[in-house]
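Report on the following structure.
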Amino acid sequence: MEYQILSNKWRPQDFNQIVGHKYIIRIIKNSLDLKRIHQSWLFSGIHGVGKTTIARILAKSLNCNQGITSKPCRKCNNCISIEKGKFLDFIELDAASRTRIEDIKAILDSTKYPPIQGRFKIYLIDEIHMLSKNSFNALLKILEEPPKYIKFILATTYLKKIPNTIISRCLHIYLPRITSKVISDYLNEKLKKEKIYVNKETLNIIAWHARGSIRNAINTLELIICSTKDKTVDIKTINNLIGIFDKKNTLQLAESIISNNINKTLNILDYAEQTSIQYSNILKSLITFFHNLSIVKINSLKKEYKINKFSQYDIKIYNLSKKILFKDIQNYCKILIQGSKYLKYAPDPRIGIEIIFFQIYQYIQEKNNIL
Ligand SMILES: Nc1ncnc2c1ncn2[C@@H]1O[C@H](COP(=O)(O)OP(=O)(O)O)[C@@H](O)[C@H]1O
Ligand SMILES: [Mg+2]
Ligand SMILES: [Zn+2]
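Here our numbering is used: the first residue of the sequence shown is 9, the next is one more, and so on.
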């Protein structure tokens with residue numbers, strides 16, 4: 009059989025396979041079952057959270073031969089041809105390559121003709137924020153009152169660029185980032201079916217690194233699977249491949265910062281430079297670590313907090329939390345987050361990250377009245 013990339017192979021074909029977005033999916037399903045269907049929909053959210061996927065399922069739901077339904081049958085001609093991308097009345101357009109007013113006029117012209125195959129003629133216009141001002145204006149009128157047989161589904165990764173007049177004419181659905189826990193569980197389940205073994209810790213790292221996008225997670229996974237011929241993947245491979253800083257190194261770096269040992273901090277950076285780790289990822293790992301440390305500090309004040317249940321790593325974090333004030337952790341985070349924002353302005357990333365660490369160093373020195 010022809011090889012299919014995982015993100016396409018795993019693309020959900022009905023609403024029940026969509027991960028996350030529980031309440032949103034319920035709203036969409038109810039609106040279909042109650043036949044309260046808006047003429048124009050707008051999906052917003054970062055890439056890889058399901059905008060195109062949901063739009064395609066919606067197109068099936070509206071055109072299934074069994075009637076408008078939240079559970080398209082996936083067996084009738086209409087469902088099948090939508091899944092194959094061959095349905096004549098489902099028109100997918102990429103606004104990024106059709107920004108001109110002439111392009112949009114051509115699309116609007118074609119709305120005069122009723123559907124050939126289905127109940128509705130559906131236009132999915134992706135990356136809608138790329139349209140020019142004139143194109144948006146041309147769209148406005150039709151979005152408000154399209155012919156009964158037309159439905160518009162707009163999608164964007166950049167809501168701020170969409171005029172309010174467009175947003176207000178659509179049923180706007182925002183798809184938030186998917187939590188890393190949900191992504192990790194999702195990958196786990198999928199891999200079991202593929203009979204590929206990736207340990208839980210690795211999956212957690214992939215999920216964390218995906219920053220809320222399932223597509224990101226699947227792409228990283230694909231890279232990792234290709235890195236080995238046997239069907240098991242270890243944590244070292246993934247750290248090298250994604251270029252991220254692992255738990256042990258992050259802990260060491262945090263320890264060097266908290267103990268104000270700037271030479272050790274710089275040595276750890278030297279080590280990182282020899283691998284494929286990116287400095288921006290070191291900052292991300294460190295911010296996440298300090299956030300985690302804050303939580304440990306808050307929890308350790310609770311009466312029921314029991315250290316003996318923890319792993320060696322947890323105990324190290326707990327001990328570290330005893331050496332630092334909550335207020336100081338927050339100040340480190342502030343410096344790290346602000347520093348990450350300005351990293352791109354540094355002459356090179358290494359200098360940028362060193363300057364950030366110097367700032368924390370200076371903060372501690374001043375606190376101790378040394379500088
Ligand atoms: N919510 C989700 N549930 C399950 N899989 C998803 C979800 N979002 C994205 N995916 C996976 O990622 C791929 C890309 O998703 P897509 O819908 O094209 O993202 P978007 O249009 O938001 O950029 C899909 O083929 C699917 O495999
Ligand atoms: Mg898309
Ligand atoms: Zn059907």
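Note that CB positions come from ideal geometry on N, CA and C, so glycine has one too. Being a predicted model, the structure only gives us computed values, none of them experimental.
Helix, strand or coil at residue 134 according to DSSP, with G and I counted as helix: Under the three-state reduction of DSSP output, residue 134 falls in the strand class.
Heavy atom of ligand 1 within 8 Å of residue 280 beta-carbon: No, ligand 1 has no heavy atom inside 8 Å of this Cβ.
What residues match up with residue 49 in a beta bridge as DSSP calls it? In DSSP, residue 49 forms a bridge with 161, 179.
So, is residue 80 buried or exposed, given that buried needs 16 or more other C-beta atoms within 10 angstroms? Under this definition residue 80 is a buried residue.
Residue 100 (DSSP reduced to helix, strand or coil): Correct three-state label for residue 100: strand.
Tell me, please, which residues DSSP counts as bridged to residue 129. 158.
I want to check one thing, is the minimum distance from the CB of residue 58 to the heavy atoms of ligand 1 below 8 Å? Yes, the beta carbon of residue 58 sits closer than 8 Å to at least one heavy atom of ligand 1.
Do the segment 41–57 and the segment 89–100 touch if we need at least three Cβ pairs shorter than 8 Å? No: the two stretches stay apart, fewer than three of their Cβ pairs being nearer than 8 Å.
Outcome for residue 257 when other beta-carbon atoms lying within 10 angstroms are tallied against a minimum of 16: Per the 10 Å Cβ criterion, buried.
At the level of alpha carbons, what is the spacing between residue 365 and residue 270? Inter-residue distance for residue 365 and residue 270 is about 8 Å (C-alpha atoms, whole angstroms).
How long is the line joining the alpha carbons of residue 382 and residue 254, rounded to whole angstroms? Limits of the chain in this structure are 9 at one end and 379 at the other, which puts residue 382 out of reach.
Have a look at residue 221 and residue 164 and give me their C-alpha separation to the nearest angstrom. Taking the straight line joining both Cα atoms gives about 14 Å.
Three-state secondary structure (DSSP) at residue 66? Three-state result, residue 66: helix.
Which whole-angstrom value is the C-beta distance of residue 157 and residue 122, which I expect to be below 8 Å? Confirmed, about 5 Å.
Residue 82 to residue 195, Cα distance in whole Å? A direct Cα-to-Cα measurement between residue 82 and residue 195 gives close to 24 Å.
For ligand 1, I want to know if residue 228 counts as a neighbour, meaning its beta carbon is within less than 8 Å of at least one of the ligand's heavy atoms. Placement of the Cβ of residue 228 at a distance of 8 Å or more from every heavy atom of ligand 1 is found.
Run of the alpha helix (DSSP H) containing residue 234, from where it starts to where it stops: 222–234 is the span of the alpha helix (DSSP H), which, as asked, contains residue 234.
Do three or more CB pairs link the segment 107–125 to the segment 164–184 at distances below 8 Å? Using a C-beta cut-off of 8 Å, the segment 107–125 makes no contact with the segment 164–184, since fewer than three inter-stretch Cβ pairs fall below that distance.
So, residue 323 versus residue 285, is the Cβ gap smaller than 9 Å? No; because the gap between Cβ atoms is not below 9 Å, this pair is not in contact.
For the candidate residues 335, 331, 289, 273, whose alpha-carbon lies nearest to that of residue 363? Shortest Cα-Cα distance from residue 363 to any of 335, 331, 289, 273 involves 273.
Considering only the beta carbon of each residue, do residue 99 and residue 143 sit closer than 9 Å? In this structure, residue 143 does not lie closer than 9 Å to residue 99 by Cβ.
Are the CB atoms of residue 227 and residue 283 within a distance shorter than 9 Å? The Cβ atoms of residue 283 and residue 227 lie no closer than 9 Å to each other.
How about the segment 331–351 and the segment 314–321: do they share at least three Cβ pairs that are nearer than 8 Å? Between the segment 331–351 and the segment 314–321 there are fewer than three C-beta pairs closer than 8 Å, too few to call the two in contact.
Quick check: the Cα distance between residue 233 and residue 47, rounded to an integer number of angstroms? Whole-angstrom Cα-Cα distance: 43 Å.
Under the three-state DSSP convention, the category residue 87 falls into: In the structure shown, residue 87 sits in a helix (DSSP, three-state: H, G or I).
Taking the alpha carbon of residue 172 as the reference point, which residue from 88, 161, 137 has its own alpha carbon closest? The shortest CA-to-CA distance from residue 172 to any of 88, 161, 137 is the one to 137.
DSSP on residue 253, reduced to helix/strand/coil? Note: residue 253 maps to coil in three-state DSSP.
Below 8 Å on the Cβ atoms is my guess for residue 102 versus residue 135; work out the distance and round it to an integer in Å. Their Cβ separation, rounded to whole angstroms, is 6 Å, which keeps residue 102 and residue 135 in contact under 8 Å.
Beta-carbon spacing of residue 217, residue 265 below 9 Å: Taking 9 Å as the Cβ cut-off, residue 217 and residue 265 do not qualify as a contacting pair.
At a cut-off of 8 Å, is residue 223 close to ligand 1 when judged by its beta-carbon and the heavy atoms of the ligand? Answer for residue 223: yes, Cβ within range of ligand 1.
Specify, as a first and last residue, the run of the alpha helix (DSSP H) that residue 357 falls within. Where residue 357 is concerned, the enclosing alpha helix (DSSP H) starts and stops at 357–375.
Leaving out five residues on either side along the sequence, give the residues of the same chain with a beta carbon under 7 Å from the beta carbon of residue 107. Within the same chain, 138, 139, 140, 143 come within 7 Å of residue 107 by CB-CB distance, once the 5 residues on both sides are set aside.
Closer than 8 Å: residue 163 CB and nearest ligand 2 heavy atom: For residue 163, the shortest separation between its Cβ and any heavy atom of ligand 2 lies below 8 Å.
Using a Cβ-Cβ distance cut-off of 9 Å, determine whether residue 45 contacts chain E. The chain labelled as chain E is not found in the depicted structure, where only one protein chain is given.
heavy atom of ligand 1 below 8 Å from residue 49 C-beta: For ligand 1, not one heavy atom lies less than 8 Å from the Cβ of residue 49.
Under the criterion of a Cβ to heavy atom distance below 8 Å, does residue 12 qualify as lining ligand 1? In this structure, ligand 1 has no non-hydrogen atom nearer than 8 Å to the beta-carbon of residue 12.
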